[in-house]
Amino acid sequence: MRVESEAELAEAVAGATGPLTIRGGGTRGLGASQGAVLETGGLSGITLYEPGALTVVVRAGTPLDEIEQALAAENQRLAFEPMDHRPLLGTNGTPTIGGVVAANVSGPRRIQAGACRDFMLGVRFVDGSGTVIKNGGRVMKNVTGYDLVKLMTGSRGTLGVLTEVSLKVLPRPETQACVVLDGLGDEAAVAAMARALGSPFEVTGAAHFPRGADGQPVTMLRIEGFEKSVSYRAGRLRDMFGGQAVRVDDDPDSVAASWLAVRDVQALAGREGDVWRISCKPSDGPALAARLSAEAHHFDWGGGLIWALLPVGTDARARLGEFRGHATRVRGTGDAPALQPEPGPLAALSDGLRTRFDPRGILNPGLMTA
Amino acid sequence: MQMPQPNAGVISRKRRIVERLRDVLPADAVIEDESETRAYECDALTAYRCPPLAVVLPSTTAEVSDVLRICHEEGVPVVPRGSGTSLAGGALPTADCVLLGVARMTGVLETDYDNRFVRVQTGRTNLSVTGAVEADDFFYAPDPSSQLACAIAGNIAMNSGGAHCLKYGVTTNNLLGVTMVAMDGTIMEIGGAHLDAGGYDLLGVICGSEGQLGVVTEATLRILRKPEGARPVLMGFDSSEVAGACVSDIIKAGVLPVAIEFMDRPCIEACEAFAKAGYPMCEALLIVEVEGSPAEIDEQLGKITTIARRHDPVELREAKDADEAGRIWLGRKSAFGAMGQINDYMCLDGTIPVSELPYVLRRIGEMSKEFGLGVANVFHAGDGNMHPLILFNANQEGQLELCEAFGAEILKLCVEVGGCLTGEHGVGIEKRDLMHDQYDAADLEAQMAVKDVFDPKWLLNPAKVFPLDASDARRVVPVAAE
Ligand SMILES: Cc1cc2nc3c(=O)[nH]c(=O)nc-3n(C[C@H](O)[C@H](O)[C@H](O)COP(=O)(O)OP(=O)(O)OC[C@H]3O[C@@H](n4cnc5c(N)ncnc54)[C@H](O)[C@@H]3O)c2cc1C
Numbered sequence: 001m002r003v004e005s006e007a008e009l010a011e012a013v014a015g016a017t018g019p020l021t022i023r024g025g026g027t028r029g030l031g032a033s034q035g036a037v038l039e040t041g042g043l044s045g046i047t048l049y050e051p052g053a054l055t056v057v058v059r060a061g062t063p064l065d066e067i068e069q070a071l072a073a074e075n076q077r078l079a080f081e082p083m084d085h086r087p088l089l090g091t092n093g094t095p096t097i098g099g100v101v102a103a104n105v106s107g108p109r110r111i112q113a114g115a116c117r118d119f120m121l122g123v124r125f126v127d128g129s130g131t132v133i134k135n136g137g138r139v140m141k142n143v144t145g146y147d148l149v150k151l152m153t154g155s156r157g158t159l160g161v162l163t164e165v166s167l168k169v170l171p172r173p174e175t176q177a178c179v180v181l182d183g184l185g186d187e188a189a190v191a192a193m194a195r196a197l198g199s200p201f202e203v204t205g206a207a208h209f210p211r212g213a214d215g216q217p218v219t220m221l222r223i224e225g226f227e228k229s230v231s232y233r234a235g236r237l238r239d240m241f242g243g244q245a246v247r248v249d250d251d252p253d254s255v256a257a258s259w260l261a262v263r264d265v266q267a268l269a270g271r272e273g274d275v276w277r278i279s280c281k282p283s284d285g286p287a288l289a290a291r292l293s294a295e296a297h298h299f300d301w302g303g304g305l306i307w308a309l310l311p312v313g314t315d316a317r318a319r320l321g322e323f324r325g326h327a328t329r330v331r332g333t334g335d336a337p338a339l340q341p342e343p344g345p346l347a348a349l350s351d352g353l354r355t356r357f358d359p360r361g362i363l364n365p366g367l368m369t370a
Numbered sequence: 371m372q373m374p375q376p377n378a379g380v381i382s383r384k385r386r387i388v389e390r391l392r393d394v395l396p397a398d399a400v401i402e403d404e405s406e407t408r409a410y411e412c413d414a415l416t417a418y419r420c421p422p423l424a425v426v427l428p429s430t431t432a433e434v435s436d437v438l439r440i441c442h443e444e445g446v447p448v449v450p451r452g453s454g455t456s457l458a459g460g461a462l463p464t465a466d467c468v469l470l471g472v473a474r475m476t477g478v479l480e481t482d483y484d485n486r487f488v489r490v491q492t493g494r495t496n497l498s499v500t501g502a503v504e505a506d507d508f509f510y511a512p513d514p515s516s517q518l519a520c521a522i523a524g525n526i527a528m529n530s531g532g533a534h535c536l537k538y539g540v541t542t543n544n545l546l547g548v549t550m551v552a553m554d555g556t557i558m559e560i561g562g563a564h565l566d567a568g569g570y571d572l573l574g575v576i577c578g579s580e581g582q583l584g585v586v587t588e589a590t591l592r593i594l595r596k597p598e599g600a601r602p603v604l605m606g607f608d609s610s611e612v613a614g615a616c617v618s619d620i621i622k623a624g625v626l627p628v629a630i631e632f633m634d635r636p637c638i639e640a641c642e643a644f645a646k647a648g649y650p651m652c653e654a655l656l657i658v659e660v661e662g663s664p665a666e667i668d669e670q671l672g673k674i675t676t677i678a679r680r681h682d683p684v685e686l687r688e689a690k691d692a693d694e695a696g697r698i699w700l701g702r703k704s705a706f707g708a709m710g711q712i713n714d715y716m717c718l719d720g721t722i723p724v725s726e727l728p729y730v731l732r733r734i735g736e737m738s739k740e741f742g743l744g745v746a747n748v749f750h751a752g753d754g755n756m757h758p759l760i761l762f763n764a765n766q767e768g769q770l771e772l773c774e775a776f777g778a779e780i781l782k783l784c785v786e787v788g789g790c791l792t793g794e795h796g797v798g799i800e801k802r803d804l805m806h807d808q809y810d811a812a813d814l815e816a817q818m819a820v821k822d823v824f825d826p827k828w829l830l831n832p833a834k835v836f837p838l839d840a841s842d843a844r845r846v847v848p849v850a851a852e
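Heads up: the protein sequence lines correspond to chains F and P, in order. Counting along the first sequence from 1, when you hit position 193 you're at 193 in my numbering, and nothing is skipped either side. Counting along the second sequence from 1, when you hit position 16 you're at 386 in my numbering, and nothing is skipped either side.
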């Protein structure tokens, strides 16, 4: 079923007699949902874009590409750098902004600029009873009532079907460079990234690959901004790591390509096995990675995000044991739930919210619990 | 301003409630004598006052949990309080409530530079969070003007902002985790040192919930390394339209200042009279601040002043040194004090789309004449968060009501042009009944559903945020008789 307007969507949800699978572009492969497919692609188009106010309002089914192109024409961008899941998941289709928001998809720049949720200004959605609800708005500062915008972001369509979202956008920097450290072990790499992120030089990406393109360890620190400033900061960072194997890649195209690969987790694309994503305290990263003993792993977010390739059907949580953070199976199937089970009191709140926003339990059932 | 009828049953059981609280708290942590509870009768919205039934000042999360469990059992409303600097009446007590202050919980529990966070008890003041890490060149970014006094507890509850949030974001963007106690006493950890939520973003909805979902006792806050330096430039313009266009052009040019502050003529005049900062007398004044190394600052200020020159500024003053920078900020920072000297004032807090600035300022000017009350405007121009200060005489019969009516009209105007009622101060009681202007019944119902889940009996700060008529049915909870 494909709807063309918010009113149609509300009607479809209100009239639904069984579970609905809500689909934007269908590229994020969000778990095993069930029931009739409800496509939001018809709710498309940019409804408002004010570059001088750094805001854009778009219908949820708008292709991400269309938004990024409109922003690029004004030298702006979505600063949270949403990943394209297609290479990793082997999916086809056109990613939509609704899918990005529903999964709070946030890339390497999350450590400095923030996540998708930090750029969300407003939502319109249809809840599980078919009621249209709005929250937030289109202005950058807004504390009027509860922040349901954040609650909806990352809720995977289980609390409501997004119809329109407003986002804060940021200027696209003039150029970028990458400071590259060679040959570091996981511990040393995470420590180096901590030093860089704790410097005043505004690192906007910090990733470490135990096996880089040439099979050797590589640690990457990204700097963005005006040209003189970028070369100044890259120089200062290089000096900070004087005495180690350090170099600066100042070719913006090559830097862009490297970080696109980080963003899209290209290292694990096309490889046999399940893909897990572990969010943790950055300095816990190396020890957790050791416990995983994965076929392949690497770190983003300065060590706070581990991407791991494990044999099909492995329960990463069994290997990780107790830790502060959470593990998500992004690709693959198995007995273990895809999302980390929440501790009792939080699970009770989550259940309570789901029951209130979707009393019949028809919106993407199971997506937030399996 | 209407408040619900206090629950007579609760008030009649005061003795027993106080005794039960005394059982779980140190003697000096329970205050019931009216001569002492008076100290807690209002927050910074001083026009409204009401001493609470009792005040408790716990020192630990466990004590908070005990207090809440007892109040839950006894059906007693609880009003959480940080430092009481809310401008919205968020911490205003009711006669039947236990006021729970976290002022004794000020500790720093963990400082972690490798992972760039501090964990603090929430009674700690905003400025002293930075104070705990600044010797090591770190800082906590959100900087409300009240930062010397206000507590992290209130900052989280109100999702407070500050002058530098254009670059660094507001509280919610700098909050990684909380320890929260639910109304029934359950202690929970939400978030932590990792960067995203595994399930629903509960932290995101707790931040800004004005003390209605739980009592936040500890917080994990993101800290940042201090920039190498910062420097402001001051520019004066003939009209607010031109100043607004200049702001928009700066942003479109890809420069992202840490702060863009705007003041109009009445505000400039008052600040000048008060602080003698040497401001030019003009219709609109902008202070734009950028950060970085000296060369980086030069480069950004170069771009900014080039843009400003295209708008024929009547004054363009770049700070050459710290002293000049200090003088540029002096007037702005004393704006509220300056206003307080000449008049009583009410500080509004609506946000508008930046493009609507000239229209909104013109309409405020017209309304000022209609209501016969002066207004001065000072605001965070980069993000459209306005702070019109309405001047009135509190001692003159009827002026407060007139001022409130004028304020309500301004806020409705903000909503009308696509903005909102409050950008950083919160709804509290002040804007509670205007919520109908911004939200439909279904929108409010969805928000109240969240409270139903977190606080089914509606005991936490119940008479705030939602229009009384909308929340009525929920607040009238049957209370067990003795
Ligand atoms: C001169 C002045 C300037 C100001 N400038 C700014 C500014 O620039 N930016 C800005 O955003 N605000 C500003 N404010 C408003 C105010 O300072 C903020 O709202 C602040 O965050 C309130 O903090 P507080 O600790 O004083 O909270 P309180 O006033 O004590 O309480 C505020 C709210 O928080 C709730 N609360 C308190 N403690 C807890 C807890 N432990 N758990 C759950 N809920 C709790 C209360 O119930 C209440 O609803 C200003 C106020 C003044 C007086």
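Heads up, the beta-carbon is just placed ideally off N, CA and C, and yes, glycines get one too. Keep in mind the model is a prediction, meaning the values are calculated, not measured.
Residue i vs residue j beta-carbon contact at 8 Å
i	j	result
Arg86 of chain F	Thr27 of chain F	yes
Ala645 of chain P	Ser704 of chain P	yes
Val446 of chain P	Val551 of chain P	no
Ile278 of chain F	Leu20 of chain F	no
Val472 of chain P	Thr587 of chain P	yes
Val255 of chain F	Asp249 of chain F	yes
Gly313 of chain F	Arg291 of chain F	no
Residue i beta carbon near ligand 1 (any heavy atom closer than 7 Å)
i	result
Cys520 of chain P	yes
Asn142 of chain F	no
Leu591 of chain P	no
Asp413 of chain P	yes
Asn525 of chain P	yes
Met528 of chain P	yes
Arg635 of chain P	no
Asn543 of chain P	no
Chain-ordered chain F contacts of residue i [CB-CB under 7 Å]
i	result
Gln711 of chain P	Here the premise fails: no neighbours, minimum Cβ distance about 28 Å.
Gln808 of chain P	Thr144
Val586 of chain P	The contacting residues do not exist; Val586 of chain P stays about 14 Å from chain F at best.
Cross-chain neighbours of residue i in chain P, by beta carbon under 9 Å
i	result
Asn75 of chain F	Lys622, Ala623 and Gly624
Gln34 of chain F	What Gln34 of chain F touches in chain P: nothing, since even the nearest Cβ is about 20 Å away.
Ala308 of chain F	Those do not exist, as Ala308 of chain F stays about 16 Å from chain P at its closest Cβ, beyond 9 Å.
Rounded C-alpha distance that separates residue i from residue j
i	j	result
Glu669 of chain P	Phe741 of chain P	46 Å
Asp554 of chain P	Pro597 of chain P	44 Å
Gln517 of chain P	Gly41 of chain F	46 Å
Leu572 of chain P	Ala432 of chain P	22 Å
Gln34 of chain F	Leu830 of chain P	38 Å
Ala851 of chain P	Pro343 of chain F	Per-residue confidence for Ala851 of chain P stands at a pLDDT of 38, beneath the threshold of 50, marking its modelled position as unreliable; no derived number is given.
Lys801 of chain P	Leu181 of chain F	54 Å
Glu666 of chain P	Val684 of chain P	26 Å
Ala7 of chain F	Gly130 of chain F	9 Å
Asp566 of chain P	Ile560 of chain P	11 Å
Val846 of chain P	Met818 of chain P	14 Å
Which residues DSSP lists as bridging residue i, in chain order
i	result
Ala36 of chain F	F:Leu20
Arg595 of chain P	P:Phe508
Asp274 of chain F	F:Leu310
Ala521 of chain P	P:Thr495
His534 of chain P	Bridge partners of His534 of chain P: none, in fact.
Asn755 of chain P	P:Thr721 and P:His750
7 Å Cβ cut-off: residues of chain P touching residue i
i	result
Thr153 of chain F	Asp571
Proximal chain F residues relative to residue i, where beta-carbon distance stays under 8 Å
i	result
Met805 of chain P	Thr144 and Gly145
Listed by chain order, chain P residues near residue i by CB distance under 8 Å
i	result
Ala115 of chain F	Leu565 and Asp566
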